[in-house]
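Undergrad:
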């Protein structure tokens, strides 16, 4: 969970940072050629890029016959895999990030609260504006769900009538264009990405372009009021910093830039139409680029399917039926009691094998004592049964079960159109720690399918063929989860891949394994050296 969230934060940070840098370079040319409105609208690329990363990555259909078979030796004496501290570091990073989110949100809330409280008592005017008892940071449009235009106490004396009309038009445009919502969304991004200085830079530049675009719209509606509009700007002064949910008339950026824009020619209708098309293309390109740049996610192996287990347990003439839905490899338990008071309990685990088959492992207790640990190899959709005889004349316990694949899910070992790529070449296993040999000293071969992520780690382990001994299977699968491979490369990029890994547990090495491999290339073979072949 924590690792997934951190990877998502990293991916969205990279995407938004790249977009912010591009917009920082493009905003001046856009404003010069297509107007301030185009520069302001182009900031929509930032949230679109962040949201695009959240979409599922594209899927690539690859056939199973492209999967390689990796062979490696197994010795009786092996070393254990060293535990990783990555999860601890991930937890610490996640806690630090959450702390930063809370701190940034608290700081922004405090600024908004202080500004609203400083307005004093608000009085509704006859023109629909609200008059405050204060003058700090006013006039301003404030509020998210119930936006208001608040003017200072000296609004009538400070500004002429025409200036008051222009200021009210300016603030109404902020509300009608959704600028307050844009400021709130940018504040949320600042909380999530508090650690990224580019987000805070983007927030300041967004406010500048927002005011310039609003000034441009006011002049378009009042083309003969440039001088009065400029004089109204000169009379305003911002003596508080901008707050998250407000648009201030005395904007926090250099007044010189706003005054200079009043002397520029407004973009023609044709240029405004061109600006709309260009900004729409930029937004689509930003979203698609951020989405397409995602590495293809590793396919699910054992976690993809969902089994439906229908079970009927009989003991001493009492029969109970159960229906369970569970993922492969997950343990579930059932229990019951006869009329005579005799209790039983069973824990079960269904593991995926080859397509269409599964293995059921059980631990049965009767009257609080272990009665057996049976193991069944079954075919999906077909009934199977087992029986445990009671001791000293006690009744036997019988279990009949049927395992099917839940409708709407895929087989745990099928690929369909998952993004799996072939291993292009042999893999060097000299750095892979072999499994720990169980104390039972059983012998057998375990065949696994491993999904290799884009960073070389084993993201998922599937059991294709069991050795017949649970301790051997678990030892091999546990070791495989700690292995690292060189990721497959396609088109110059690392992609998810899948390999088939047979591991043989043998106390005595065969004499001529190379000849065995030549006779049957589908079977695992070792010659005392680490090797790999497709």
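Residue numbers (this note's numbering): 424 to 957.
Note that beta-carbon positions come from the ideal geometry of N, C-alpha and C, so glycine has one too.
Note that the coordinates shown come from a computational prediction; the quantities given were computed from them, not determined experimentally.
With DSSP collapsed to three states, give me the class of residue 547.
TA: strand
Undergrad: Taking the C-alpha atoms as reference points, what is the distance between residue 561 and residue 455?
TA: Each residue's alpha carbon lies about 29 Å from the other.
Undergrad: What runs of the beta strand (DSSP E), each 3 residues or longer, lie entirely inside the segment 724-801?
TA: 730-738, 741-749, 754-760, 766-775, 780-789 and 792-795
Undergrad: Given 8 Å as the limit, is there contact between the segment 698-717 and the segment 780-788, that is, 3 or more CB pairs closer than that?
TA: no
Undergrad: What's the gap between the Cα of residue 741 and the Cα of residue 794?
TA: 18 Å
Undergrad: Restricting to Cα atoms, I'd like to know which of 588, 593, 578 and 539 is closest to residue 567.
TA: 539
Undergrad: Is residue 539 helix, strand or coil by DSSP?
TA: helix
Undergrad: Taking C-beta to C-beta, are residue 690 and residue 879 nearer than 9 Å?
TA: Inclusion of residue 690 and residue 879 in the CB contact set at 9 Å is not warranted, their separation being larger than that value.
Undergrad: In the DSSP assignment, what are the bridge partners of residue 870?
TA: 888 and 925
Undergrad: Given this structure, state the Cα-to-Cα distance separating residue 901 from residue 444, to the nearest angstrom.
TA: 44 Å
Undergrad: So, is residue 707 buried or exposed, given that buried needs 16 or more other C-beta atoms within 10 angstroms?
TA: Residue 707 comes out exposed.
Undergrad: Keeping to the same chain, check which residues put their C-beta closer than 6 Å to that of residue 891; ignore five residues upstream and five downstream.
TA: 867
Undergrad: Tell me whether the segment 608-619 and the segment 509-529 touch, counting them as touching only if at least three CB pairs, one residue from each stretch, are closer than 8 Å.
TA: yes
Undergrad: Could you compute how far the alpha carbon of residue 426 sits from the alpha carbon of residue 906?
TA: 18 Å
Undergrad: State the start and end residues of the unbroken alpha helix (DSSP H) segment that holds residue 565.
TA: Counting along the chain, residue 565 falls outside any alpha helix (DSSP H), though it belongs to the beta strand (DSSP E) covering 563-565.
Undergrad: Which same chain residues end up closer than 6 Å to residue 772 when comparing Cβ atoms and leaving out the 5 residues on each side of it in sequence?
TA: 754 and 784
Undergrad: With DSSP as the reference, please indicate the residues paired to residue 913 in a beta bridge.
TA: 916
Undergrad: Between the Cα of residue 809 and the Cα atoms of 820, 748 and 876, which residue gives the shortest distance?
TA: Residue 820 is the option with its Cα nearest to residue 809.
Undergrad: Check this for me: beta carbons of residue 908 and residue 926, under 9 Å apart or not?
TA: Between residue 908 and residue 926, the CB-CB gap reaches or exceeds 9 Å.
Undergrad: Looking at residue 629: is its Cβ nearer than 9 Å to the Cβ of residue 447?
TA: no
Undergrad: So, does the segment 566-583 touch the segment 623-642, judging by three or more C-beta pairs under 8 Å?
TA: no
Undergrad: Go ahead and pull the three-state DSSP assignment for residue 627.
TA: helix
Undergrad: Taking Cβ to Cβ, would you say residue 919 is nearer than 9 Å to residue 858?
TA: For the 9 Å CB-CB criterion, residue 919 and residue 858 do not form a contact.
Undergrad: By Cβ distance below 7 Å, which residues in the same chain neighbour residue 743 in space, the five residues on each side in sequence not counted?
TA: 736 and 759
Undergrad: Measuring CA to CA, which of 818, 827 and 564 is closest to residue 766?
TA: 818
Undergrad: Report yes if the C-beta of residue 658 is less than 8 Å from at least one heavy atom of the ligand GTP; otherwise report no.
TA: For the structure depicted, the ligand GTP is absent and the ligand set is empty, with no information on it obtainable.
Undergrad: Start and end of the beta strand (DSSP E) containing residue 557?
TA: Careful: residue 557 lies outside any beta strand (DSSP E) and carries neither H nor E.
Undergrad: Here's the rule I'm using: 16 or more other beta-carbon atoms within 10 Å means buried, otherwise exposed. How should residue 637 be labelled?
TA: buried
Undergrad: Based on the DSSP secondary-structure assignment, which residues constitute the bridge partners of residue 572?
TA: 564
Undergrad: Rounded to whole angstroms, what is the Cα-Cα separation between residue 429 and residue 620?
TA: 18 Å
Undergrad: Short of 6 Å in beta carbon distance, which residues of its chain neighbour residue 439, apart from the five on each side in sequence? Order them along the chain.
TA: 469, 472 and 473
Undergrad: By the three-class DSSP mapping on this structure, what secondary structure does residue 520 have?
TA: Correct three-state label for residue 520: helix.
Undergrad: Check the C-beta distance from residue 872 over to residue 825 and give it rounded, since I have them as a contact under 8 Å.
TA: Contact flag wrong, Cβ pair sits at about 25 Å.
Undergrad: For the alpha helix (DSSP H) holding residue 584, just list the boundary residues, first then last.
TA: Its alpha helix (DSSP H) spans residues 584-599.
Undergrad: Using the rule of at least 16 other Cβ atoms within 10 Å of the residue's Cβ for burial, across every protein chain shown, is residue 570 buried or exposed?
TA: Buried.
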